[in-house]
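Visitor: My questions all concern the structure below.
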Amino acid sequence: MTGPQVRILTGTDPERLVATDHTVWFDEVPGRSAEEQLIGLPDTHRFAAEVDGADPGTYAGIYGVFPLTLSVPGGARPRSIPCAGLTWVGVHPDHRRKGVLTAMIRDHLERVRAEERTHVSALHASEPGIYGRYGYGLASLELHVSLSRGATLTAPHLDTEAALITTHLASVADPDVAKRLRECHLAQARLGEVVGAEGYYERICTEPPERLRDKEPHRVLFARRDGRDVGFAIFRRSHKWEKARPAGELEVMALVGGPAALLTLSRRLVDFDLMGTVKLRGVGADDPVIHWAGGPRSTSDVETYDSLWVRLVDLPEALEARAWSAPCDVVVEVEDAAAPWNHGVWRIRAGAAGEAEVARATETADVRLPVQALGAAYLGGGNLVAMLRAGLIEERRAGAAAELWRGLRTDMAPAAAMPF
2 MTGPQVRILT GTDPERLVAT DHTVWFDEVP GRSAEEQLIG LPDTHRFAAE VDGADPGTYA
62 GIYGVFPLTL SVPGGARPRS IPCAGLTWVG VHPDHRRKGV LTAMIRDHLE RVRAEERTHV
122 SALHASEPGI YGRYGYGLAS LELHVSLSRG ATLTAPHLDT EAALITTHLA SVADPDVAKR
182 LRECHLAQAR LGEVVGAEGY YERICTEPPE RLRDKEPHRV LFARRDGRDV GFAIFRRSHK
242 WEKARPAGEL EVMALVGGPA ALLTLSRRLV DFDLMGTVKL RGVGADDPVI HWAGGPRSTS
302 DVETYDSLWV RLVDLPEALE ARAWSAPCDV VVEVEDAAAP WNHGVWRIRA GAAGEAEVAR
362 ATETADVRLP VQALGAAYLG GGNLVAMLRA GLIEERRAGA AAELWRGLRT DMAPAAAMPF
């Protein structure tokens with residue numbers, strides 16, 4: 002006996018979209034219009050699942066897509082490629098385990114495949130056990146680093162450059178801040194970071210009342226050099242007093258810029274009055290702040306989480322879109338049930354100049370792996386040799402996994418990506 006037919010269509014009814022979202026996520030219902038709640042998510046990028054007999058006030062499932070660019074390996078500096086940012090994914094409780102999520106993911110992958118320029122999808126996983134089943138691989142890590150107020154950040158060979166950078170405080174409600182954030186992020190994006198359209202930054206800058214219960218509105222600390230923005234930190238502070246002494250917490254949700262700008266911003270963040278702890282979220286695995294602090298035990302705490310999950314939708318186009326770090330010639334057998342057009346045997350040949358050619362092959366595969374392994378390694382963060390040792394991929398020619406990994410890996414681990 003087959004289950005109900007699931008139909009995926011454009012979510013043209015914003016009221017039903019947000020009603021479904023509130024049912025799935027059970028947050029406080031905002032006192033704002035549906036369109037205000039959907040700010041930054043284009044109406045052409047909102048999708049819904051319909052099932053016969055479902056509640057007409059909600060959808061069986063919903064998902065959205067932020068148009069993003071993703072910074073991928075590009076040789077001397079990262080290059081930007083289009084990326085479909087999967088977000089707002091939810092299945093109504095009445096329709097769980099009926100194939101709704103599978104139908105929505107398949108619809109998403111087919112839509113991305115149909116786009117001429119976009120070959121990659123990415124997401125932040127609310128429940129990380131789900132998306133590996135659909136071919137997403139964990140491509141970068143995010144650290145939450147806690148520093149005490151007044152922490153010493155030592156970087157003697159950056160001090161001269163950092164002295165040329167000033168900081169300026171703004172509010173997310175100030176005019177043109179969303180535009181400034183995007184322009185700065187475009188110019189400063191590091192490997193693994195995503196940059197959205199201006200509406201994405203307008204969404205970040207929108208502070209609904211239900212998110213401000215007893216909280217400070219988010220602030221933006223811009224780093225500037227020679228009259229232009231070269232970095233920023235988005236943060237908010239909360240009051241706390243211990244034994245009549247100030248012990249507030251300053252929490253940073255995003256920190257963007259080159260090394261000197263990051264050093265200047267970090268030193269300013271640990272110097273705010275009335276604070277006891279500064280918590281930096283979104284710190285990449287190779288970000289310098291732990292070195293500046295003197296190592297992990299010189300911080301108050303370091304926590305590790307998953308950051309960006311990457312999915313190769315058009316496998317050959319995606320692999321050819323990034324630069325390769327070393328020559329390789331490896332035949333891979335890719336398992337991909339969710340995007341069967343990727344399934345099968347491919348020959349990956351990368352040259353010394355960093356270019357790659359990926360084509361269907363008839364030879365015996367050197368390596369057998371699931372598509373999520375290539376997604377994890379795509380930004381240079383997911384180690385294929387470690388996956389081999391863990392029994393997650395199979396090697397049929399000795400040394401083939403290491404050869405493929407040398408082509409994919411990067412000198413620095415990818416940075417953590419801003420939430421979307």
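Using the working numbering, read the sequence shown as starting at 2 and increasing by one per residue. For each residue, glycine too, the CB sits at the ideal point set by N, CA and C. Please read all numbers here as calculations on a predicted model, not as lab measurements.
Do you know how far the Cα of Glu211 is from the Cα of Leu313?
Guide: Here residue 313 refers to the residue found at position 312 of the sequence shown. Here residue 211 refers to the residue found at position 210 of the sequence shown. Cα-Cα distance, rounded: 37 Å.
Visitor: Would you mind working out which of Leu316, Ala354 and Lys180 sits nearest Val346, comparing C-alpha positions?
Guide: Within the sequence shown, the letter at position 345 stands for residue 346. That would be Leu316, whose Cα lies nearest to the Cα of Val346.
Visitor: Just tell me which of Arg225, Glu199 and Arg214 has its CA closest to the CA of Ile166.
Guide: Counted from its first residue, the sequence shown places residue 166 at position 165. That would be Arg225, whose Cα lies nearest to the Cα of Ile166.
Visitor: Tell me, please, whether the region 252 to 271 touches the region 110 to 128 by the rule of three or more beta-carbon pairs shorter than 8 Å.
Guide: Contact between the region 252 to 271 and the region 110 to 128 is absent, because fewer than three Cβ pairs lie under 8 Å.
Visitor: Tell me whether Met413 sits in a helix, a strand or coil according to DSSP, three-state version.
Guide: On the sequence shown, residue 413 is found 412 positions in, with the first residue counted as 1. In this structure, Met413 counts as coil in the three-state DSSP scheme.
Visitor: What are the start and end residues of the alpha helix (DSSP H) that includes Tyr64?
Guide: Numbered from its first residue, the sequence shown carries residue 64 at position 63. Where Tyr64 is concerned, there is no enclosing alpha helix (DSSP H), although the beta strand (DSSP E) it sits in stretches over Gly62 to Val73.
Visitor: Report yes if the CB atom of Ile63 is closer than 8 Å to the CB atom of Gly91, and no otherwise.
Guide: Taking the first residue of the sequence shown as position 1, residue 63 is located at position 62. Taking the first residue of the sequence shown as position 1, residue 91 is located at position 90. Yes, these two residues count as a Cβ contact at 8 Å.
Visitor: Using 8 Å for Cβ pairs, my map puts Met276 next to Gly295. What's the rounded Cβ distance?
Guide: Translated into the one-based positions of the sequence shown, residue 276 becomes position 275. Translated into the one-based positions of the sequence shown, residue 295 becomes position 294. No, Met276 and Gly295 are not in contact; Cβ-Cβ is about 20 Å, not under 8 Å.
Visitor: Alpha carbon to alpha carbon, what distance is there between Asp56 and Ala190?
Guide: Locating residue 190 in the sequence shown gives position 189, counting from the first residue. Locating residue 56 in the sequence shown gives position 55, counting from the first residue. If I take the Cα positions, the gap works out to 43 Å.
Visitor: Does the separation of the CB atoms of Gly382 and Ala414 fall below 8 Å?
Guide: The count along the sequence shown starts at 1 and reaches residue 382 at position 381. The count along the sequence shown starts at 1 and reaches residue 414 at position 413. Yes, these two residues count as a Cβ contact at 8 Å.
Visitor: Pick out whichever of Thr207, Ile235 and Ala198 has its Cα sitting closest to the Cα of Ala174.
Guide: Numbered from 1 along the sequence shown, position 173 holds the residue referred to as residue 174. Residue Thr207 is the option with its Cα nearest to Ala174.
Visitor: Let me make sure I understand the geometry here. Which of Leu409, Leu370, Gly408 and Tyr379 has the alpha-carbon closest to that of Arg390?
Guide: To locate residue 390, count along the sequence shown from 1; it is residue 389. Of Leu409, Leu370, Gly408 and Tyr379, the residue nearest in Cα terms is Leu370.
Visitor: Determine the DSSP secondary structure at Gly12, reduced to helix, strand or coil.
Guide: Within the sequence shown, numbered from 1, the residue matching residue 12 stands at position 11. Looking at Gly12 - three-state DSSP - the assignment turns out to be coil, as it is neither helix nor strand.
Visitor: Between which residues of its own chain and Glu334 is the CB-CB distance below 6 Å, once the five residues before and five after are set aside?
Guide: In the sequence shown, the residue the question calls residue 334 occupies position 333. These residues qualify, in order along the chain: Val346, Ala366 and Arg369.
Visitor: Cβ-heavy atom distance between Thr21 and the ligand ATP below 7 Å?
Guide: Looking at this structure, you won't find the ligand ATP or any other ligand, since it has none at all.
Visitor: Cβ of Ala49 within 8 Å of Cβ of Leu87?
Guide: Mapped onto the sequence shown, residue 49 falls at position 48. Mapped onto the sequence shown, residue 87 falls at position 86. Contact: no.
Visitor: Does the region 33 to 46 come within contact of the region 74 to 82, defined as at least 3 CB pairs closer than 8 Å?
Guide: Verdict: no, contact absent.
Visitor: Comparing alpha-carbon positions, which option in Leu405, Val386, Ala399 and Ile394 lies nearest Val430?
Guide: The question about residue 430 has no answer, for the chain in this structure spans 2 to 421.
Visitor: So does the region 237 to 247 actually touch the region 178 to 194, counting three or more Cβ pairs closer than 8 Å?
Guide: No contact exists between the region 237 to 247 and the region 178 to 194.
Visitor: Of all the options Pro328, Ala152 and Ser147, which has the alpha carbon lying nearest to the alpha carbon of Glu252?
Guide: As a working note, residue 252 is residue 251 in the sequence shown. Comparing Cα positions, the closest option is Ser147.
Visitor: Let me know if Gln373 comes out buried or exposed under the rule of 16 or more other beta-carbons within 10 Å of its beta-carbon.
Guide: For the purposes of this step, residue 373 is taken as the residue at position 372 of the sequence shown. The residue in question, Gln373, is buried, as its Cβ has 16 or more Cβ neighbours within 10 Å.
Visitor: Below 7 Å CB to CB, which residues in the same chain sit around Asp160 once its five sequence neighbours on both sides are set aside?
Guide: Here residue 160 refers to the residue found at position 159 of the sequence shown. Counting only Cβ-Cβ distances below 7 Å, and skipping sequence neighbours, we find nothing.
Visitor: For Ala357, write down the residues that DSSP places opposite it in a beta bridge.
Guide: Taking the first residue of the sequence shown as position 1, residue 357 is located at position 356. Per DSSP, Ala351.
Visitor: Quick one: measure Cβ to Cβ for Arg204 and Glu217, integer angstroms, because I've assumed they're closer than 8 Å.
Guide: Residue 204 sits at position 203 when you count from the first residue of the sequence shown. Residue 217 sits at position 216 when you count from the first residue of the sequence shown. About 19 Å; that fails the 8 Å criterion.
Visitor: What are the partner residues of Gly86, as DSSP defines its beta bridges?
Guide: Residue mapping note: residue 86 aligns to position 85 of the sequence shown, counting from 1. Partner(s): Phe67 and Ala123.
Visitor: Can you tell me where the alpha helix (DSSP H) holding Trp310 begins and where it ends?
Guide: The count along the sequence shown starts at 1 and reaches residue 310 at position 309. Taken as a continuous stretch (DSSP letters only), Trp310 belongs to no alpha helix (DSSP H), being part of the beta strand (DSSP E) at Trp310 to Leu313.
Visitor: So is Met2 buried or exposed if we call it buried at 16+ other beta carbons inside 10 Å?
Guide: For the purposes of this step, residue 2 is identified with residue 1 of the sequence shown, where counting begins at 1. Low confidence applies to Met2: its pLDDT is 46, below 50, so where it sits in the model is not reliable enough to give any reading.
Visitor: Which same chain residues, not among the five before or five after Thr59, have their C-beta less than 7 Å away from its C-beta?
Guide: Counting from one through the sequence shown, the residue named residue 59 turns up at place 58. For Thr59, where only same-chain residues beyond five positions count, the Cβ hits under 7 Å are Arg17, Ala20, Thr21, Thr24 and His93.
Visitor: Taking the Cβ atom as the reference point for each residue, do Trp310 and Ala140 lie within a distance shorter than 8 Å?
Guide: Start at 1 with the first residue of the sequence shown, and residue 310 comes out as number 309. Start at 1 with the first residue of the sequence shown, and residue 140 comes out as number 139. Yes, they are a contact pair.
Visitor: Distance, Cα to Cα, Arg134 vs Ala61?
Guide: Residue numbering aside, residue 134 sits at position 133 when the sequence shown is read from its first letter. Residue numbering aside, residue 61 sits at position 60 when the sequence shown is read from its first letter. Taking the straight line from one Cα to the other gives about 21 Å.
Visitor: Taking the beta carbon of Gly32 as the centre, do at least 16 other beta carbons fall within 10 Å, making it buried, or is it exposed?
Guide: Within the sequence shown, numbered from 1, the residue matching residue 32 stands at position 31. Label assigned to Gly32: exposed.
Visitor: Here's the rule I'm using: 16 or more other beta-carbon atoms within 10 Å means buried, otherwise exposed. How should Asp337 be labelled?
Guide: Position 336 of the sequence shown, counting from 1, holds the residue named residue 337. Per the 10 Å Cβ criterion, buried.
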